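Chemist:
Chains as they are written, first to last, in this note's numbering: chain A, 63 to 147; chain B, 3 to 556.
#1: For the segment 322 to 341 of chain B, which residues have a beta carbon sitting closer than 9 Å to at least one beta carbon of chain A?
#2: Taking 8 Å as the CB-CB cut-off, is residue 217 (chain B) touching chain A?
#3: Is it right to say residue 104 (chain A) is buried, meaning 16 or more other beta carbons lie within 10 angstroms of its own, or is it exposed?
#4: In or out: residue 87 (chain A) buried (at least 16 other Cβ within 10 Å) or exposed?
#5: For residue 478 (chain B), collect the residues of the same chain with a Cβ closer than 6 Å to its Cβ; drop the 5 residues on either side in sequence, then sort them by chain order.
#6: Check whether the Cβ atoms of residue 190 (chain B) and residue 102 (chain B) sit closer than 8 Å, and answer yes or no.
#7: Quick test of the definition: if touching needs 3 or more C-beta pairs under 8 Å, does the segment 361 to 378 of chain B touch the segment 318 to 332 of chain B?
#8: Do residue 470 (chain B) and residue 38 (chain B) have their C-beta atoms within less than 8 Å of each other?
#9: Would you call residue 360 (chain B) buried or exposed, if buried means 16 or more other Cβ atoms sit within 10 Å of its Cβ?
#10: On the three-pair Cβ rule with 8 Å, is the segment 84 to 101 of chain B touching the segment 245 to 255 of chain B?
#11: In this structure, does DSSP put residue 401 (chain B) in helix, strand or coil?
#12: With which residues is residue 89 (chain A) paired in a DSSP beta bridge?
#13: Can you give me the C-alpha to C-alpha distance between residue 112 (chain A) and residue 271 (chain B), rounded to a whole angstrom?
#14: Could you tell me which of B:520, B:544, B:330 sits nearest to residue 529 (chain B), measuring between CA atoms?
#15: Answer yes or no: does any C-beta atom of chain A fall closer than 8 Å to that of residue 482 (chain B)?
#16: Check the Cβ-Cβ distances between residue 69 (chain B) and every residue of chain A, and say whether any is below 8 Å.
#17: To the nearest angstrom, how far is it from the Cα of residue 17 (chain B) to the Cα of residue 114 (chain A)?
#18: Which residues, taken in chain order from the segment 516 to 544 of chain B, show a beta carbon closer than 9 Å to some beta carbon of chain A?
#19: I want to verify the contact list: residues of chain D whose CB lies under 9 Å from the CB of residue 130 (chain A), in sequence order.
#20: If the cut is a Cβ gap below 8 Å, which residues of chain B does residue 69 (chain A) touch?
#21: Residue range of the alpha helix (DSSP H) that residue 11 (chain B) falls in?
#22: Can you say whether residue 81 (chain A) is buried or exposed, counting buried as having 16 or more other CB atoms within 10 angstroms of its CB?
#23: For residue 287 (chain B) and residue 406 (chain B), what's the separation of their Cα atoms in angstroms?
#24: Is residue 144 (chain A) helix, strand or coil by DSSP?
#25: On the DSSP letters alone, give me the boundaries of the alpha helix (DSSP H) that residue 440 (chain B) sits inside.
#26: My guess is that residue 275 (chain B) and residue 234 (chain B) are in contact by the Cβ rule of under 8 Å, so how many angstroms apart are they, rounded?
#27: Three-state secondary structure (DSSP) at residue 154 (chain B)?
#28: What three-state label does DSSP hand residue 191 (chain B) in the structure shown?
#29: Cutting at 7 Å between CB atoms, please list the residues of its own chain near residue 79 (chain A), excluding the five before and the five after it.
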């Protein structure tokens, strides 16, 4: 999975773009849908953040399906957040 | 510290110094004084003109003794007829690292816990774990553990023991400022009557961040959203404010990131919900620059490495413009140019040592972003990023260097604005900067980051005491420790929000987040600069107890 190929993926820090990921690797994402559409049935939701946004855990390979889904507006791969001292 | 100084006034005014006693005059007419300062500020203070010599130590004062007066929170300073009852009935959520549930400041008089839940996101999942991961400890489990000789082992959770790099856990300190009850010390936090929920943050993706993350405290963006969701769900209809102290330097800085949009959505889902976030502590790190690439002429942006530590950079610019980027090493080796829409990995296979991406059309804000990663150990010289406008149109840009607490690179010509953290630019959050409440004029903390956002909104909103704050020290039962940072300022405002909610609830009022934000900003006291209105680092000023007023417009 070349994350750089996903146009709906929120811009990633460059250190995360350096490495490609195997299709079977587990990733965690936040997905934003377009207005007035259903959440995709092929994804198992973790949290429904809002009517248009949810979090989910999935195979990296399944990100392509989200990318191709016209109901999906954008998605963001989980990224680390250090403590602000 | 004990210091010999040429002027007592100059000593008292020094940033980072908490003045102690004036011991009198020496034979050479200098003054002998005492004071406290963070160890990493010693060299900075030593260079001050007023300092003739500097040596060691002074006894502790009561915890949080300066926070409440500076915020005008003692009962006598509160607005007439206000009795917020310490935030009773309000949930204070803390997403952080290291909750010492055994500390007296988080226990009731009968010894039972004030925490209604702890969710340890990094623990092995159990049946019933929120979202299928981590481990949830309910009040009954916490109380049962508190009855044991070793409550941490009994519960299967506790703050890390101290290490050379850590004196007391961050989360315990933060939680005490927001909602500690003073325990045996008699010096409570801002909302000692609130109910507390703590989420021990963790990251799913730590392996991708390499060796730099070892022994550091990391959450991640998705689990952060889920933590806030969890706390708000647990609060239900009860008022709830969540405190966050996480962030990096990168990102669009316009509130468009999905984690910030998600926080905004959670906050706005119902009234009486707020998220308070530390502004960040990167003001002195030289991590932001901005400028304009004039048509046709390339612009050089120089990056200074620290100990050949490499670096990670982002340059954001409008989606209707096109920039070409070239990275130039200190020996003149050029990597690029990389045209708009292209990437350039340098290396082979998994051995990439430079990576340049020139991405068009971010899906959230439709701006463009140039991202550069330089591996550690390539050279110890400066790197130059050369930006050129492809179509000869002028292009305005902002650049950030990602946070690296070990080998932080910096811009040779930094611009000291727009240094807020990566999740501190949302539309509905309340972002807090830090000042020193030990000084008469409440000067800004040198580390406290600056707004505005990249899209020009006025954040931080308010400031609070974050300098050398004494609050609960984990694994000491009653002890305290001094810490500085905007993450010490944010929980003071978190506690204040709890008091506002508690006061409003007594009148049957609920407060939408925009009303809450207006209250905090409209009642803030101007900062040291005497600014009337918004200041890029002070925000609208010092958050104070006047915001609690029961007659305020809700």
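Note that beta-carbon positions come from the ideal geometry of N, C-alpha and C, so glycine has one too. None of the values given here were measured: they were computed from a predicted structure.
Modeler: Taking the coordinates as given:
#1: Here the close residues number zero.
#2: Translated into the one-based positions of the second chain, residue 217 (chain B) becomes position 215. For residue 217 (chain B), the pLDDT reaches just 49, beneath the cut-off of 50, and the residue's location in the model is therefore unreliable, although a value from the coordinates is still provided. For residue 217 (chain B), the answer is no, since every Cβ of chain A falls outside 8 Å of its Cβ.
#3: Counted from its first residue, the first chain places residue 104 (chain A) at position 42. When all chains shown are included, residue 104 (chain A) counts as exposed.
#4: By one-based count along the first chain, residue 87 (chain A) stands at place 25. For residue 87 (chain A), the number of other beta carbons within 10 angstroms of its own is below 16, and it is reported as exposed.
#5: Reading the second chain from its first residue, position 476 is the one you call residue 478 (chain B). Within the same chain, no Cβ atom closer than 6 Å to the Cβ of residue 478 (chain B) is found once the five residues on either side in sequence are excluded.
#6: Here residue 190 (chain B) is taken as the residue at index 188 of the second chain, counted from 1. Here residue 102 (chain B) is taken as the residue at index 100 of the second chain, counted from 1. Not closer than 8 Å, so no.
#7: These segments touch.
#8: The count along the second chain starts at 1 and reaches residue 470 (chain B) at position 468. The count along the second chain starts at 1 and reaches residue 38 (chain B) at position 36. Contact flag set, yes.
#9: For the purposes of this step, residue 360 (chain B) is identified with residue 358 of the second chain, where counting begins at 1. Buried, because 16 or more other Cβ atoms sit within 10 Å of the Cβ of residue 360 (chain B).
#10: Contact check between the segment 84 to 101 of chain B and the segment 245 to 255 of chain B: three or more CB pairs, one atom from each, fall below 8 Å, which counts as touching.
#11: On the second chain, position 399 is the one that residue 401 (chain B) refers to. Residue 401 (chain B) falls in the strand class under three-state DSSP.
#12: Against the first chain, residue 89 (chain A) aligns to sequence position 27. According to DSSP, residue 89 (chain A) bridges with A:120.
#13: Position 50 of the first chain holds residue 112 (chain A). Position 269 of the second chain holds residue 271 (chain B). Straight-line Cα distance between these residues: approximately 8 Å.
#14: Residue numbering aside, residue 529 (chain B) sits at position 527 when the second chain is read from its first letter. Nearest in C-alpha terms to residue 529 (chain B), of all of B:520, B:544, B:330, is B:544.
#15: Here residue 482 (chain B) is taken as the residue at index 480 of the second chain, counted from 1. Not an interface residue.
#16: As a working mapping, residue 69 (chain B) is identified with position 67 in the second chain. Interface annotation, residue 69 (chain B): not in contact with chain A, CB-CB separation never under 8 Å.
#17: Mapped onto the second chain, residue 17 (chain B) falls at position 15. Mapped onto the first chain, residue 114 (chain A) falls at position 52. Going by the C-alpha atoms only, they are around 47 Å apart.
#18: Within the segment 516 to 544 of chain B, no residue qualifies.
#19: Note that chain D does not occur in the displayed structure, where the protein chains are A and B.
#20: Position 7 of the first chain, counting from 1, holds the residue named residue 69 (chain A). Result: 363, 365.
#21: The residue given as residue 11 (chain B) occupies position 9 in the second chain. Its alpha helix (DSSP H) spans residues 10 to 15.
#22: Locating residue 81 (chain A) in the first chain gives position 19, where the first residue counts as 1. If you draw a 10 Å sphere on the C-beta of residue 81 (chain A), you find fewer than 16 other C-beta atoms in it, and that means exposed.
#23: Translated into the one-based positions of the second chain, residue 287 (chain B) becomes position 285. Translated into the one-based positions of the second chain, residue 406 (chain B) becomes position 404. A direct Cα-to-Cα measurement between residue 287 (chain B) and residue 406 (chain B) gives close to 10 Å.
#24: Residue mapping note: residue 144 (chain A) aligns to position 82 of the first chain, counting from 1. Looking at residue 144 (chain A) - three-state DSSP - the assignment turns out to be strand.
#25: Along the second chain, one-based indexing puts residue 440 (chain B) at 438. No alpha helix (DSSP H) holds residue 440 (chain B); DSSP gives it neither H nor E.
#26: In the second chain, residue 275 (chain B) corresponds to position 273, counting from 1. In the second chain, residue 234 (chain B) corresponds to position 232, counting from 1. With a Cβ gap of about 6 Å, residue 275 (chain B) and residue 234 (chain B) count as contacting.
#27: What you label residue 154 (chain B) is simply residue 152 of the second chain in a count that begins at 1. In this structure, residue 154 (chain B) counts as helix in the three-state DSSP scheme.
#28: Position 189 of the second chain holds residue 191 (chain B). Looking at residue 191 (chain B) - three-state DSSP - the assignment turns out to be coil, as it is neither helix nor strand.
#29: Here the question's residue 79 (chain A) lines up with position 17 in the first chain. Non-local C-beta neighbours of residue 79 (chain A) in its own chain, meaning closer than 7 Å and more than five positions away in sequence, comprise 65, 66, ordered along the chain.
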